[in-house]
């Protein structure tokens, strides 16, 4: 069965127009489409990473391969290691701290971005990063490791203030 010349020209024209529209558009940079993640420097140098290492990064928790939230630390999982050598116990490397940041913000980047702009309270009901470490009776959700924080803990405030853009480093070192 032969297609008419008109049908072939129409199909080809449609394909060219569709490609031009799909590939050649001008992205307006609408800020509602951007995700404003919490600050990486505050995470690494403001104490958030250290708090996460202490509270969550043990080998029996998030310091193991296979966890959705993976935390590297001197006392847990290492980013690089020789399988034929003992696990290094040197200080957490910069690369591990950066990997921790991306692990944390990678859980729910859109929700973290909205909470950063609009405040944590507006998004708390759906924020796994803040709800998982809490007891179920304290507005938390089931966490395999059980409750790790309370909303009144300084470490919890460390996370909240980091998400909102002004980490309280003293709270992270508690």
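In my numbering, the protein residues as written are 15 to 188. Cβ coordinates follow ideal geometry from the N, Cα and C atoms, glycine included.
Quick one: is residue 63 buried, meaning 16 or more other Cβ sit within 10 Å of its Cβ, or exposed? Working through the chain shown from its first residue, we reach residue 63 at position 49. Per the 10 Å Cβ criterion, buried.
Reduced DSSP category for residue 144 - H, G, I as helix; E, B as strand; rest coil: Here the question's residue 144 lines up with position 130 in the chain shown. Note: residue 144 maps to helix in three-state DSSP.
Please classify residue 190 as buried or exposed, where buried requires at least 16 other C-beta atoms within 10 Å of its C-beta. Because residue 190 is not part of the residues shown, which for the chain are 15 to 188, the question remains open.
What does the alpha-carbon distance come out to for the pair residue 41 and residue 112? Working through the chain shown from its first residue, we reach residue 41 at position 27. Working through the chain shown from its first residue, we reach residue 112 at position 98. Any reading at residue 41 must be qualified, since the residue scores a pLDDT of 45, below 50, and its modelled position is unreliable; the value itself is stated next. If you take the alpha carbons of residue 41 and residue 112, they lie about 30 angstroms apart.
Under 8 angstroms: do the stretch 86-105 and the stretch 119-126 share three or more Cβ pairs, one atom per stretch? no
Boundaries (first-last residue) of the alpha helix (DSSP H) holding residue 60: The count along the chain shown starts at 1 and reaches residue 60 at position 46. First-last for residue 60: undefined, no H or E at that position.
Rounded C-alpha distance that separates residue 82 from residue 121: As a first step, residue 82 must be located in the chain shown, where it is residue number 68. As a first step, residue 121 must be located in the chain shown, where it is residue number 107. For residue 82 and residue 121, the distance between alpha carbons rounds to 8 angstroms.
Please name the residue or residues paired with residue 91 in a DSSP beta bridge. Counted from its first residue, the chain shown places residue 91 at position 77. 86, per the DSSP bridge assignment.
Do residue 77 and residue 71 have their C-beta atoms within less than 7 angstroms of each other? Sequence index remark: in the chain shown, residue 77 carries index 63 (1-based). Sequence index remark: in the chain shown, residue 71 carries index 57 (1-based). Contact flag set, yes.
Continuous alpha helix (DSSP H) assignments of at least 4 residues falling wholly in the stretch 105-165: 108-119, 123-132, 134-137 and 142-145
Is it true that the CB of residue 157 sits closer than 7 angstroms to the CB of residue 168? Mapped onto the chain shown, residue 168 falls at position 154. Mapped onto the chain shown, residue 157 falls at position 143. Contact flag unset, no.
Apply the 10 Å Cβ neighbour rule to residue 87 and answer buried if 16 or more other Cβ atoms are within range, or exposed otherwise. Residue numbering aside, residue 87 sits at position 73 when the chain shown is read from its first letter. It is buried - the Cβ of residue 87 has at least 16 other Cβ atoms within 10 Å.
From 177, 176 and 54, residue whose alpha carbon lies closest to that of residue 108: Taking the first residue of the chain shown as position 1, residue 108 is located at position 94. Among 177, 176 and 54, the Cα nearest to that of residue 108 is on 54.
Closest Cα partner of residue 151 within the set 52, 163 and 141: Here residue 151 is taken as the residue at index 137 of the chain shown, counted from 1. When each option's Cα is compared against that of residue 151, the closest is 163.
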